[in-house]
Amino acid sequence: MGTRVVITGMGVIAPNGHGLEEYETSLREGKSGIRFIEKMKELKFGCQVAGVPQNVDEIKSRYLDGENLMAMNDSMIYAAIAGIDCWKDAGLGEVSPDSEVDWDTGAIIGTGIGGMDTIGEKLVPKVDAGKVRRLGSTMVEQVMCSSVSAKLGGLLGLGGQVTTNSSACTTGTEAIINAFLHVKEGRSKRMMAGGAEGSSHYIWSGFDGMKVLNTKFNDTPEKASRPMSESAAGFIPGSGAGLLMVESLESAKARGAKIYCEIVGGHVNSGGHRGGGSMTAPNPEGVMRCIREAMSMANLAAKDVDAINGHLTATFADPSEIRNWKNALEISESEFPLINSTKSMIGHALGAAGGLECVATVLQLNKGFIHGSLNCEDLHPEIQKVEKSVVRKTVEFKGKVIAKSSFGFGDVNGCVLFKKYEE
Amino acid sequence: MNETEIYEKVVGLIKPYAKNTESLSTLTQESKILEDLGVNSARLVDIVLAFEDEFDIEVEDEAADEIWTIGDAVKLINTKLN
């Protein structure tokens with residue numbers, strides 16, 4: 003069984019808000035963080051809108067000094083801001099470069115693409131020009147995949163395992179599930195977990211080239227991210243960081259920490275690129291197994307799931323995601339839980355998506371609301387069967403369990419179950 | 007460029023890398039770049055690149071390895087310039 007595991011802190015920097023208060027307000031009010039990006043137009047992207055956290059230059063100067071910032075790219079800065087906020091929210095006290103190492107806390111902070119801005123803007127141009135000698139000392143620490151967790155580990159003095167996972171769009175949710183299992187096994191008292199992804203046209207270019215981004219709403223950015231909609235025509239890239247402090251109940255109680263909710267189950271698997279699955283599409287059997295394993299671990303029945311924060315990116319996969327949930331839970335359409343998509347407001351933040359969306363999920367569970375999904379007034383015909391479950395306007399919520407699922411390229415799946423904390 | 011001018015420029019170039027900001031008010035030619043200013047040793051590479059750009063010189067790796075104090079840097083640059 004292992005110990006019970008709870009959430010004791012959160013930090014977020016999202017396209018529609020920095021900090022829990024602003025993020026919650028934006029989610030409740032349906033405030034979109036999708037904006038026109040001049041650089042994407044200049045470079046002839048099909049999609050010219052994206053979700054980028056705002057006022058970061060001002061915010062970062064309050065969190066990081068110049069010596070640190072000279073070796074940090076977007077994803078590292080986002081992870082640092084969300085991580086410092088998460089640490090403070092968890093009530094873990096002041097940290098300075100001279101403070102003691104906290105041997106009881108680690109971090110699993112994922113990223114999907116990593117320091118592509120550094121690679122594109124600095125590393126490749128200099129190397130190609132024969133100027134390797136001019137690269138300086140800060141390239142490796144910005145382009146290594148673990149840059150997002152490594153930097154935060156130093157800023158906070160973490161002494162547990164500090165690592166980065168990467169599983170495409172499942173990354174953030176996978177990090178939280180891995181942290182949950184890590185703490186449940188008693189390997190650490192606390193793990194900070196989630197994902198971070200930078201805001202770079204180099205990151206987004208490959209998706210534009212694949213024709214999986216929506217190119218039809220460049221003039222109306224707030225309408226561009228359309229999960230569950232019949233007029234959905236691809237996702238909108240997003241960025242930012244969302245982190246949770248995952249802690250053993252015993253540790254949380256011993257230090258009198260506030261408890262947002264409990265993680266009661268989680269599972270990660272893959273579909274093996276079989277049965278309809280591929281590098282870019284999920285095997286439905288894998289998705290259903292993932293959901294069922296998480297449910298079984300949590301000892302929950304289908305009727306216990308009150309709401310789902312979907313992966314729901316606004317591609318052809320949305321209807322099949324709903325179908326997979328229905329089949330996994332073995333329920334009728336009328337029994338389908340409430341469902342929404344945070345991506346409708348912030349876009350698809352790739353490796354940060356699961357982190358940002360788990361913060362949204364925990365806020366909803368803890369504060370008693372389910373936020374509306376934007377831009378699904380014209381539901382996809384197949385999703386119309388569960389229309390009464392699709393939350394379009396924010397509603398009050400008194401349920402006890404919200405499921406968060408994420409699916410990614412590579413046919414990888416993650417499902418985590420958050421439950422209201424009860425003694 | 008005289009030695010005082012070089013010293014002022016060297017201090018200005020090292021300053022952004024100093025973690026021990028308190029040491030900046032008591033700097034001398036003898037101040038050790040790593041120990042006294044708290045510069046991360048990896049950043050010496052960046053500081054040498056900054057010297058090269060500022061003074062339009064080339065600093066060989068072997069010469070860079072001999073820079074321990076602010077005075078070492080000033081002396082090296084002075085030799086290169088004059």
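Residue numbers (the numbering used here), protein chains in the order written: chain A, 3 to 425; chain B, 7 to 88. Heads up, the beta-carbon is just placed ideally off N, CA and C, and yes, glycines get one too. In this text, all values refer to a predicted model and were calculated from it rather than measured experimentally.
- Check the Cα spacing between residue 221 of chain A and each of A:51, A:19 and A:32: the tightest is with A:51.
- Bounds of the beta strand (DSSP E) holding residue 340 of chain A are 340-342.
- Listed along chain A are 69 and 99, each with a C-beta nearer than 8 Å to that of residue 25 of chain B.
- Counting only the Cα atoms, residue 267 of chain A lies some 49 Å from residue 41 of chain B.
- Rounded to the nearest whole angstrom, the CA to CA distance from residue 288 of chain A to residue 305 of chain A is 21 Å.
- Within its own chain, the residues whose Cβ lies closer than 6 Å to the Cβ of residue 114 of chain A, once the five positions on either side in sequence are excluded, are 170, 173, 199, 352 and 353, listed in chain order.
- Its Cα nearest to that of residue 139 of chain A, the residue B:46 stands out among B:46, B:28 and B:76.
- Closest in C-alpha terms to residue 240 of chain A, from the list A:137, A:54 and A:148, comes A:54.
- DSSP places residue 147 of chain A outside any alpha helix (DSSP H), giving it a letter other than H or E.
- In this structure, DSSP gives residue 381 of chain A an extended state, which the three-state scheme calls strand.
- With respect to the 7 Å criterion, residue 109 of chain A and residue 164 of chain A are classified as neighbours on the basis of their beta carbons.
- Judged by DSSP secondary structure, residue 270 of chain A falls within the beta strand (DSSP E) whose first and last residues are 263-272.
- With a cutoff of 7 Å on beta-carbon distance, residue 10 of chain A and residue 252 of chain A are scored as not near each other.
- Cβ neighbours of residue 391 of chain A within its own chain (closer than 6 Å, five residues either side excluded): 338, 340 and 341.
- Under DSSP, residue 326 of chain A forms no beta bridge with any residue.
- For residue 406 of chain A, the three-state secondary structure derived from DSSP is strand.
- When secondary structure is reduced to three states using DSSP, residue 192 of chain A falls in the strand class.
- Residue 231 of chain A has A:381 as its beta-bridge partners, per DSSP.
- Counting along the chain, residue 217 of chain A sits inside no beta strand (DSSP E), nor does DSSP assign it H or E at all.
- In the DSSP assignment, residue 51 of chain A falls outside any alpha helix (DSSP H) and within the unbroken beta strand (DSSP E) covering 51-53.
- Here the alpha carbon of residue 364 of chain A sits roughly 20 Å from the alpha carbon of residue 303 of chain A.
- By the beta-carbon neighbour count (other beta carbons within 10 angstroms, threshold 16), residue 82 of chain B is buried.
- When DSSP states are grouped into helix, strand and coil, residue 91 of chain A belongs to the helix group.
- In this structure, residue 79 of chain A places its C-beta atom within 7 Å of the C-beta atom of residue 62 of chain A.
- About 16 Å separates the Cβ atoms of residue 374 of chain A and residue 308 of chain A, ruling out a contact at the 8 Å cut-off.
- Residue 49 of chain B carries a helical assignment under DSSP once its states are collapsed to helix, strand and coil.
- Of all C-beta pairs linking the region 129-139 of chain A to the region 312-330 of chain A, fewer than three are shorter than 8 Å, placing the two stretches out of contact.
- Here residue 25 of chain A is not near residue 261 of chain A, since their CB atoms are 7 Å or more apart.
- When the alpha-carbon of residue 63 of chain B is set against those of B:78, B:88 and B:75, the nearest one is in B:88.
- Nearest to residue 343 of chain A by alpha-carbon distance, out of A:19, A:360, A:182 and A:332, is A:360.
- Distance from the CA atom of residue 254 of chain A to the CA atom of residue 185 of chain A, rounded to whole angstroms, is 12 Å.
- Under the three-state reduction of DSSP output, residue 101 of chain A falls in the coil class, being neither helix nor strand.
- The three-state reading of DSSP puts residue 260 of chain A in coil, since its state is none of H, G, I, E or B.
- For the region 289-303 of chain A, the set of residues with a beta-carbon nearer than 9 Å to any beta-carbon of chain B is empty.
- Rounded to whole angstroms, residue 323 of chain A and residue 336 of chain A show a C-alpha spacing of 17 Å.
- From the beta-carbon of residue 72 of chain A, the residues of chain B found nearer than 9 Å are 22, 23, 49 and 52.
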